[in-house]
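Chains as they are written, first to last, in numbering that gives the first Met the number 0: chain A, 0 to 211; chain B, 0 to 211.
There are 2 protein chains.
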Amino acid sequence: MRISELSAESGVALPTIKYYLREGLLHPGEQLAATRADYDASHLRRLRLIRALLEVGRLPVASIKKVIRVVDDTSASVHEMLGTAHYALGPPVEREPGPEWEAARREADDLVEALGWQVLPQAPARDELAQTLFRMRQLGLPTDLSAYAEAAFKLVSETEMGTVPFDGPRDAAVEAVVLGTVLYGRAFDALRRLAQESETSRRLTPAPRPGV
Amino acid sequence: MRISELSAESGVALPTIKYYLREGLLHPGEQLAATRADYDASHLRRLRLIRALLEVGRLPVASIKKVIRVVDDTSASVHEMLGTAHYALGPPVEREPGPEWEAARREADDLVEALGWQVLPQAPARDELAQTLFRMRQLGLPTDLSAYAEAAFKLVSETEMGTVPFDGPRDAAVEAVVLGTVLYGRAFDALRRLAQESETSRRLTPAPRPGV
Numbered sequence: 000m001r002i003s004e005l006s007a008e009s010g011v012a013l014p015t016i017k018y019y020l021r022e023g024l025l026h027p028g029e030q031l032a033a034t035r036a037d038y039d040a041s042h043l044r045r046l047r048l049i050r051a052l053l054e055v056g057r058l059p060v061a062s063i064k065k066v067i068r069v070v071d072d073t074s075a076s077v078h079e080m081l082g083t084a085h086y087a088l089g090p091p092v093e094r095e096p097g098p099e100w101e102a103a104r105r106e107a108d109d110l111v112e113a114l115g116w117q118v119l120p121q122a123p124a125r126d127e128l129a130q131t132l133f134r135m136r137q138l139g140l141p142t143d144l145s146a147y148a149e150a151a152f153k154l155v156s157e158t159e160m161g162t163v164p165f166d167g168p169r170d171a172a173v174e175a176v177v178l179g180t181v182l183y184g185r186a187f188d189a190l191r192r193l194a195q196e197s198e199t200s201r202r203l204t205p206a207p208r209p210g211v
Numbered sequence: 000m001r002i003s004e005l006s007a008e009s010g011v012a013l014p015t016i017k018y019y020l021r022e023g024l025l026h027p028g029e030q031l032a033a034t035r036a037d038y039d040a041s042h043l044r045r046l047r048l049i050r051a052l053l054e055v056g057r058l059p060v061a062s063i064k065k066v067i068r069v070v071d072d073t074s075a076s077v078h079e080m081l082g083t084a085h086y087a088l089g090p091p092v093e094r095e096p097g098p099e100w101e102a103a104r105r106e107a108d109d110l111v112e113a114l115g116w117q118v119l120p121q122a123p124a125r126d127e128l129a130q131t132l133f134r135m136r137q138l139g140l141p142t143d144l145s146a147y148a149e150a151a152f153k154l155v156s157e158t159e160m161g162t163v164p165f166d167g168p169r170d171a172a173v174e175a176v177v178l179g180t181v182l183y184g185r186a187f188d189a190l191r192r193l194a195q196e197s198e199t200s201r202r203l204t205p206a207p208r209p210g211v
């Protein structure tokens, strides 16, 4: 298809597609003539991935480039590819050096180990968890997170993994991981707030007395 | 205590405390002389709340003022007070008017009703959930969130509610709701990422064959 059809089909504006081509986010079409190139389903799929990373994952263009590079590098394993995308999605964590930070990080690592999870030592979510534990300790909140870990594992293994096409094209798998991570995360967050309102409300409303 | 002691005790810098006083976030101390005022435990508690809203909740000062105003308004019920704080914590939601948005919002409302949760119609988390469902539909992701709702309810009712002192001072209850909402949310998010990495890794690593 021509670039104008690619734009119509994908819903991405023509200047935006040209920008992605210039930035190397989108691979060039097959050159048919000096001013005409042919685009196919791989371009549509790639545009979907870029939009997912940009709009749903809210990643900066520099991070999207890193993800695209590893998707295109077929010498990288699916594992490495998904790891790169996944690690780019997490919030930046500021470590606060000192013995309390070290203790929080150890607590996070111990939890992951006790759960028997296969997680690389450099996974940024370890620091994310450490930072949260650090803060909870400072504020005197209970830090037993086993119920949270159990719930997270159940949702990921029973629902989210089912949406990832591990055997399909590489960008489809990355897209599914990004969308699943972000969207199920937001859904859970909204549901948690709703449950909080409901439970707060229930605890603050006196139970109706019989006969009144 | 004097303002310098309040600063030392709370860890909040003197100019910052003066700024909070000017902005009306912190109530004035008891005026002992033209240049000397006396501060007490209520000021320490208020500073803790402000820091929690600012640093953990990442609320803008304008939202913090709204929360503080309702904490100080003893004619507002605990319920209203917690609602104001809670509603200020959610991310802003951009509605996308049209029949698809309406359908997503109805789906969110139906879910809340089916769960039997006590949630006001104007709760922003309803729109948050609607927006997520809207996006999931657009992208062809499964929208059955009952497992997420069940997990959220369990964590909120069995763990988080236990951290809120419903019978204590008003600002302590607000502080607990803010800290609980934000910090347990972050902990869950980090754990979910760790579970995702572990499950992806497990599914991509061939099982060891016996004798090899």
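Even for Gly, the Cβ is constructed at its ideal location relative to N, Cα and C.
Just so you know, these numbers come straight off a predicted model, no measurement behind them.
Boundaries for Asp-72/B: no beta strand (DSSP E) harbours it, and the DSSP string shows neither H nor E there. If the five residues before and after Leu-193/B are omitted, its C-beta is found closer than 6 Å to no C-beta atom of its own chain. Annotated three-state conformation of Glu-93/A is coil, per DSSP. The C-beta distance from Ala-107/A to Arg-134/A rounds to 12 Å, too long to fall under 8 Å, and the pair is not in contact. Of the residues assessed, Arg-35/B falls on the exposed side of the cut-off, its CB having fewer than 16 other CB atoms within 10 angstroms.
Listed along chain B are Val-55 and Leu-182, each with a C-beta nearer than 7 Å to that of Arg-134/A. Taking 7 Å as the cut-off, the Cβ atoms of Val-173/A and Ala-84/A count as close.
Contact between Gln-195/A and Ser-197/B fails: their C-beta atoms lie close to 28 Å from each other, not under 8 Å. When Cβ-Cβ separations below 7 Å define contact, Ala-189/B makes contact with chain A. Leu-178/B has its alpha-carbon roughly 19 Å from the corresponding atom of Leu-25/B. 7 Å or more divides the Cβ of Ala-150/A from the Cβ of Ala-186/B. Around the beta carbon of Thr-199/A, a 10 Å sphere encloses 16 or more other beta carbons of the protein chains shown; the residue is thus reported as buried. Within chain A, the C-beta atoms nearer than 9 Å to that of Gly-89/B come from Asp-188, Ala-189 and Arg-192, in chain order. Interface with chain A (7 Å Cβ-Cβ cutoff): Gln-117/B is included. Our two residues, Arg-50/A and Leu-58/A, have alpha carbons roughly 10 Å apart in a direct line. For Asp-170/A, the secondary structure class from DSSP, reduced to helix, strand or coil, is helix. Residue contact check for Ser-74/A against chain B: no CB pair falls below 7 Å. A straight line joining the alpha-carbon of Thr-15/B with that of Leu-190/A spans about 36 Å.
Annotation for Gly-56/A: Leu-88, Val-177 and Val-181 place their beta carbon closer than 6 Å to its own, counting only its chain and skipping 5 residues before and after. In the three-state scheme derived from DSSP, where H, G and I count as helix and E and B as strand, Asp-109/A is classed as helix. At least 7 Å separates the beta-carbon of Ala-122/A from that of Arg-104/A. Looking at the backbone, the Cα of Met-160/B and that of Leu-53/B are separated by about 22 Å.
When the beta-carbon positions are compared, Asp-170/A and Leu-5/A stay at least 7 Å from each other.
The C-beta of Leu-31/B comes no closer than 7 Å to any C-beta of chain A. Val-66/A does not reach chain B, its nearest Cβ partner there being about 15 Å away, counting only Cβ pairs nearer than 8 Å.
Given a length threshold of 4 residues, each whole run of the alpha helix (DSSP H) inside the region 19-74 of chain A is given here in chain order: 40-50 and 60-71.
In the three-state DSSP reduction, Trp-116/A falls in the coil class, being neither helix nor strand.
Going by DSSP, Asp-188/B is part of the alpha helix (DSSP H) stretching over 184-203. DSSP, read as helix, strand or coil, puts Thr-180/B in helix. Within chain A, no residue has its CB atom less than 8 Å from the CB of Leu-46/B, the nearest being about 13 Å off.
Val-111/A has a beta carbon lying within less than 7 Å of a beta carbon in chain B.
Gly-115/B and Lys-65/B have their C-alpha atoms spaced approximately 30 Å apart.
Leu-132/B: member of the alpha helix (DSSP H) spanning 123-137, first to last residue.
The closest CA to that of Val-69/B, considering only Gly-23/B, Glu-29/B and Lys-153/B, is found on Gly-23/B.
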